[in-house]
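Numbering (our numbering), first residue to last: 17 to 253. These notes concern the structure reproduced below.
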């Protein structure tokens, strides 16, 4: 009887842990939430919803290695809203970011070799907020979607758009941070002549030792002065 109760408890715990995870399967273009995995490459965790924890793996790029050629490419206008819808509440406290990478030629968007170099630039972030009175708070916790307005100066062309949450609830040890990732495929029209940057690669943008990745959010140092966002600065156009 005890073993049956223990098994039931473990099953309940496992279900809770899975339910707290999520994927980013639906691109949002303007006010339209598109179909599941229509314009977002189906990630390897589409069923398990488990995270990436090793920033040196190829999965840190788009969390997939085989679905680029079965993903469609959405058309969006510079100056319009582009976002992603999660399949669950973004339950874990953490840091949100969005990166883009140009794809040349445009047909290469459906290739796994696209955006494998230092071609990625950050266009959005939503970091934890710290004050001496409130401590560290997480504005993005419990939301179900996030996105940004495409800069009007972004050059016309085809891009991969990498949506990421770095969950920090167990990030006090190396490779404890959990990365939830999804990559959309888009063609931007009506763009400008901006020069996005700084440019980084995935893998390569993170080491895993950044203070915004390796952090104990429950026991901050006495001299803590605020969250440091990992990766490059945001390019705003």
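Positions of the beta carbon are idealized from the N, C-alpha and C atoms, including for glycine.
Using a Cβ-Cβ cut-off of 8 Å, state whether residue i counts as contacting chain B.
i           : result
residue 131 : As a matter of chain content, chain B is missing from the structure shown, which is built from one protein chain.
Could you name the residues that DSSP lists as bridge partners for residue i?
i           : result
residue 68  : 195
residue 251 : Beta-bridge pairing links residue 251 to no other residue.
residue 49  : 44
residue 113 : 141 and 180
residue 98  : 45 and 164
residue 216 : 136
residue 92  : 204
residue 173 : 204
residue 56  : 200
Please list, in chain order, all residues of the same chain as residue i whose beta carbon is under 8 Å from its beta carbon, the five residues on each side excluded.
i           : result
residue 81  : 60, 74, 75 and 128
residue 93  : 166, 204, 205 and 206
residue 137 : 115, 116, 117, 212, 213, 214, 215, 216, 248 and 251
residue 164 : 97, 98, 99, 114, 139 and 140
residue 230 : 187, 188, 189, 190, 192, 193 and 224
residue 62  : 39, 41 and 53
residue 2   : Residue 2 is absent from the model: the chain starts at 17 and stops at 253.
residue 132 : 77 and 217
Closer than 7 Å by C-beta to residue i: which residues in its own chain qualify, once you throw out the five before and the five after it? Chain order, please.
i           : result
residue 143 : 111, 243 and 245
residue 83  : 57 and 58
residue 154 : 109, 110 and 144
residue 161 : 44, 99, 100, 101 and 102
CB-CB under 6 Å to residue i, same chain, minus the five flanking residues each way: which ones, in chain order?
i           : result
residue 180 : 113 and 197
residue 52  : 41 and 42
residue 56  : 41, 43, 198 and 200
residue 77  : 218
residue 174 : 119, 122, 125 and 203
residue 104 : 38
residue 183 : 108, 110 and 194
residue 171 : 207
Output the distance between the C-alpha atoms of residue i and residue j, rounded to the nearest integer angstrom.
i           : j           : result
residue 232 : residue 188 : 4 Å
residue 65  : residue 100 : 16 Å
residue 72  : residue 202 : 26 Å
residue 213 : residue 139 : 9 Å
residue 22  : residue 156 : Because residue 22 carries a pLDDT of 36, less than 50, the predicted location of this residue cannot be relied on, and no value is offered for it.
residue 119 : residue 90  : 14 Å
residue 177 : residue 47  : 17 Å
residue 210 : residue 228 : 29 Å
residue 222 : residue 240 : 22 Å
residue 257 : residue 238 : Nothing about residue 257 can be read from this structure; the chain reaches only from 17 to 253.
residue 159 : residue 38  : 12 Å
residue 151 : residue 67  : 26 Å
residue 169 : residue 134 : 20 Å
residue 87  : residue 69  : 25 Å
residue 146 : residue 236 : 11 Å
residue 106 : residue 195 : 12 Å
residue 50  : residue 253 : 26 Å
residue 234 : residue 208 : 44 Å
residue 185 : residue 220 : 23 Å
residue 226 : residue 95  : 32 Å
residue 149 : residue 79  : 38 Å
When every heavy atom of the ligand MG is checked, does at least one fall within less than 7 Å of the C-beta of residue i?
i           : result
residue 129 : Only the bare structure without any ligand can be found here, which leaves the ligand MG out of the picture.
Next item on the list: At 4 residues or longer, and completely inside the segment 119-162: list those alpha helix (DSSP H) runs for me, N to C.
Entry: Within the segment 119-162, no complete alpha helix (DSSP H) segment of 4 residues or longer occurs.
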